[in-house]
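Numbering follows my numbering, with no gaps: position 51 of the sequence shown is 227.
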Amino acid sequence: MNETLVREVDGGFRQTITAGGHELTADELVSVGGTDVGPDPYGLLLSALGACTPMTLSMYANRKGWPVESISVQLGHSKVHAEDCEDGSRSRGETPGIRL
177 MNETLVREVD GGFRQTITAG GHELTADELV SVGGTDVGPD PYGLLLSALG ACTPMTLSMY
237 ANRKGWPVES ISVQLGHSKV HAEDCEDGSR SRGETPGIRL
């Protein structure tokens, strides 16, 4: 079982994440009250999804014996951050989405 520990660092948005013996930092942008010393949670989510895709493609190509020079994935996310934080709901009927 994989376990992850997330703990607040300084009373702000900065978080230390320990996962599988590795340590990461999450934070928010300065413009929303963070110190921008690490990716925000949306960036971490995109990183996890983005890392899984080329790993899966590489594994599949290796099993098929297909030569692969490199695989890269670019992901993006849009959100209405300030409005979501103010009242906990989405504004203007917008639904956040992930672009691959």
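Each residue gets a CB set at the ideal place from its N, CA and C atoms; glycine is no exception.
Does the stretch 202–216 come close enough to the stretch 179–189 to have 3 or more Cβ pairs within less than 8 Å? Between the stretch 202–216 and the stretch 179–189, the count of Cβ pairs shorter than 8 Å is three or higher; the stretches touch.
Within 10 angstroms of its Cβ, does Leu-181 collect 16 or more other Cβ (buried), or is it exposed? Exposed.
Along the chain, which unbroken stretches of the alpha helix (DSSP H) at least 4 residues long are found entirely within the stretch 202–234? Runs of the alpha helix (DSSP H) inside the stretch 202–234: none found.
Return the CA-CA distance between Asn-238 and Val-208, expressed in angstroms with no decimal places. Between Asn-238 and Val-208, the C-alpha separation is close to 44 Å.
List the whole-angstrom C-beta distance separating Gly-197 from Asn-178, where the pair is believed to meet the contact cut-off of C-beta under 8 Å. With 8 Å as the limit, Gly-197 and Asn-178 do not qualify as a contact, their Cβ atoms being about 11 Å apart.
Nearer than 6 Å: is that true of the beta carbon of Val-208 relative to any heavy atom of the ligand NAD? Ligands in the displayed structure: none, and consequently the ligand NAD is not present.
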